[in-house]
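FYI, in the numbering used here the residues of the sequence shown are 151 to 582. One structure is given below, encoded as structure tokens.
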Amino acid sequence: ATHGRPVVAAVAEGGVVVDKAAHNQEQAALRDEMVSGCTECTMPMEADRAATLADAALVGRTDGRVGAAHPGDEDGEREGSSLRVLVVGAETGKLAAALVAAGASHILVIDHSQAMLDRAAEALDPLGTMGNQRGVRFLRTDVTAIPPYQGPFDAVIFNATLAAQADPADALRRATLLTRPGARVVVSERAPEPSGETAASPAAAVAALLVLDAGMAALSADLPLEAARVAGKGKVMDAGARVRAAADFTPDSDTASSAMVDDPCGDALWVYEVPPLYSLRDAVLLAAQVVTGFGRGSKQMGVPTANLDPAMLEAALAPLHRGVYFGFARLPEDPKHAAWCKCVVNVGQRPTFADGDGVTVEVHALRDFGRDFYGENMEVVMIGYVRPEMRFDGLPALVARIMTDIGLARGALDAEEARGRVDASPGFQADR
151 ATHGRPVVAA
161 VAEGGVVVDK
171 AAHNQEQAAL
181 RDEMVSGCTE
191 CTMPMEADRA
201 ATLADAALVG
211 RTDGRVGAAH
221 PGDEDGEREG
231 SSLRVLVVGA
241 ETGKLAAALV
251 AAGASHILVI
261 DHSQAMLDRA
271 AEALDPLGTM
281 GNQRGVRFLR
291 TDVTAIPPYQ
301 GPFDAVIFNA
311 TLAAQADPAD
321 ALRRATLLTR
331 PGARVVVSER
341 APEPSGETAA
351 SPAAAVAALL
361 VLDAGMAALS
371 ADLPLEAARV
381 AGKGKVMDAG
391 ARVRAAADFT
401 PDSDTASSAM
411 VDDPCGDALW
421 VYEVPPLYSL
431 RDAVLLAAQV
441 VTGFGRGSKQ
451 MGVPTANLDP
461 AMLEAALAPL
471 HRGVYFGFAR
481 LPEDPKHAAW
491 CKCVVNVGQR
501 PTFADGDGVT
511 VEVHALRDFG
521 RDFYGENMEV
531 VMIGYVRPEM
541 RFDGLPALVA
551 RIMTDIGLAR
561 GALDAEEARG
571 RVDASPGFQA
581 DR
């Protein structure tokens with residue numbers, strides 16, 4: 151059992167646990183009890199589940215991430231190779247072992263229960279003292295407390311644990327931000343058992359899964375994730391499409407309706423992927439006048455921004471999630487600055503600051519225009535989406551994350567396929 155709430159509770163009113171520390175302590179006690187007193191602990195269909203989850207996380211990835219052996223490598227170690235996986239929920243260690251067998255090089259297994267971590271570690275060879283040694287490490291922590299230096303991960307697996315998180319939405323968000331483009335995020339939940347008169351009804355079982363799927367659709371809607379089968383085409387930017395389409399899910403659909411896939415073990419399984427280069431399936435064009443903002447960009451954060459008039463962008467903003475985008479910007483009426491340049495765009499309500507509820511569109515150009523341009527028209531083509539809007543614990547944490555966003559955006563925009571998505575006719579230029 152997950153000893154948690156249904157996934158859908160995470161998006162219902164009041165679905166977030168307020169006392170996170172107490173909740174995590176309770177989860178630790180419950181999971182300690184699950185492994186206490188057993189000498190050979192097992193979970194239902196655990197070996198089959200482990201193989202299914204490892205395959206979902208790593209299929210088609212070991213060849214691309216792990217390179218060929220180089221002369222002088224010891225025991226077949228591959229120079230510079232790395233396939234990093236985060237597992238949330240240790241259970242008895244079979245999943246970690248399956249990931250090793252599937253080609254994962256570095257696996258971090260976390261859990262609230264030290265007893266469960268210790269039991270899982272017994273199934274695997276102990277690691278040495280080298281911090282970069284290939285293998286499995288175990289850590290008692292919460293998924294929202296993992297420091298960025300532990301990543302980026304090529305896959306994250308919630309091993310029947312997401313529903314039991316104090317705040318499932320935040321747990322999924324924080325885990326996703328620890329990944330790299332192309333990474334898989336796999337969520338497995340043991341399917342709920344229908345009760346009462348409908349217990350034996352196949353329709354009741356399907357209905358229960360659809361409820362779970364609707365919850366997952368809402369949890370993942372504003373994250374840089376898509377169903378793995380269509381993620382290569384980019385994220386669909388429609389704030390309600392994923393949730394609306396969840397009930398109409400068909401496994402062979404060529405849309406982003408749902409990430410749920412068939413699970414041979416009968417559990418509920420979702421497989422997401424971070425789109426390559428954080429791409430949007432369809433570019434978003436914004437064109438508006440530059441207006442006066444709050445003055446924090448340059449003065450407090452060292453990140454000057456041009457604020458676009460949101461009143462002129464109402465239709466374009468309607469389907470967008472609040473969050474951080476990137477693309478290219480230009481001043482089309484200024485011959486000197488009519489060439490496209492890289493930019494990062496924040497569309498949101500500034501939750502870290504208490505200065506009103508209105509939506510702002512802040513454009514940080516990755517070049518110095520050398521002057522102010524209030525009242526002038528700016529065009530922006532957004533082609534990627536990094537993360538949703540988040541509240542940070544103060545200005546330093548916000549600035550640190552902004553610098554990370556800028557670095558991720560710059561890396562994606564350096565790719566030829568990214569630069570090819572904008573009109574090159576005015577003398578295209580992307581500052582490096």
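The beta-carbon is built from N, C-alpha and C at its ideal position, and this holds for glycine as well.
On the criterion of 16 or more Cβ atoms from any shown chain inside 10 Å, does residue i qualify as buried, or is it exposed?
i, result
"T616", "No answer is possible for residue 616: it lies beyond the span of the chain, which begins at 151 and ends at 582."
"K244", "buried"
"N496", "buried"
"E376", "buried"
"P298", "exposed"
"D372", "buried"
"M387", "buried"
"P546", "exposed"
"A468", "exposed"
"M553", "exposed"
"A461", "exposed"
Report the CB separation of residue i from residue j in whole angstroms; it is logged as a contact under 8 Å.
i, j, result
"D198", "C415", "5 Å"
"E526", "E483", "7 Å"
"A289", "Q283", "In the sequence as displayed, the identity of residue 289 is Leu instead of Ala. That belief does not hold up - the Cβ atoms of L289 and Q283 are roughly 15 Å apart, past 8 Å."
"A479", "E529", "7 Å"
"A378", "E423", "4 Å"
"G570", "L427", "With a Cβ gap of about 12 Å, G570 and L427 do not count as contacting."
"K492", "L430", "Their Cβ separation, rounded to whole angstroms, is 15 Å, which puts K492 and L430 out of contact at 8 Å."
"P425", "P331", "7 Å"
"L322", "S255", "The pair is not a contact, with the Cβ atoms about 24 Å apart (cut-off 8 Å)."
To the nearest angstrom, how far is the alpha carbon of residue i from that of residue j?
i, j, result
"H514", "V494", "5 Å"
"L124", "F476", "Past the edges of the chain, shown from 151 to 582, lies residue 124, and the structure says nothing about it."
"R560", "V286", "32 Å"
"S186", "V259", "19 Å"
"R138", "G520", "Coverage of the chain is limited to positions 151 through 582, which leaves residue 138 absent and any answer about it impossible."
"V306", "L236", "5 Å"
"Q439", "V511", "11 Å"
"V361", "V453", "43 Å"
"A171", "V335", "25 Å"
"D555", "R537", "8 Å"
"V531", "A319", "29 Å"
"A204", "A316", "25 Å"
"G473", "G382", "21 Å"
"D518", "H487", "10 Å"
"F303", "N309", "16 Å"
"R269", "L233", "24 Å"
"A364", "E539", "22 Å"
"G498", "V238", "30 Å"
"D275", "T311", "25 Å"
"C188", "A201", "23 Å"
"D564", "G508", "33 Å"
"L249", "S408", "25 Å"
"D413", "A333", "20 Å"
Excluding the five sequence neighbours on either side, which residues of its own chain have a C-beta within less than 8 Å of the C-beta of residue i, listed in chain order?
i, result
"A273", "T242, G243, K244, A246 and A247"
"L328", "L236, I296, P298, Q300, G301, P302, F303 and V306"
"N174", "H262, D292 and A316"
Beta-carbon within less than 6 Å of residue i's beta-carbon, same chain only, minus the 5 sequence neighbours each way: which residues are those?
i, result
"A325", "V293 and V306"
"V411", "L419 and V421"
"M266", "R181, V185 and A240"
"S263", "A178, R181 and D182"
"V441", "N457 and D459"
"A252", "A204 and L208"
"G443", "N457"
"L558", "V536"
"Y524", "V440"
(request) Pick out the complete alpha helix (DSSP H) segments inside the segment 237–313, 4 residues or longer, and give them in chain order. (result) 244–252 and 264–271
(message) If we require 3 or more residues per run, which beta strand (DSSP E) segments fall completely within the segment 411–478?
(response) 418–423, 429–441 and 456–458
(request) Output the residue ranges of the beta strand (DSSP E) runs that lie fully inside the segment 522–573 and measure 3 residues or longer, sorted by chain position. (result) 527–538
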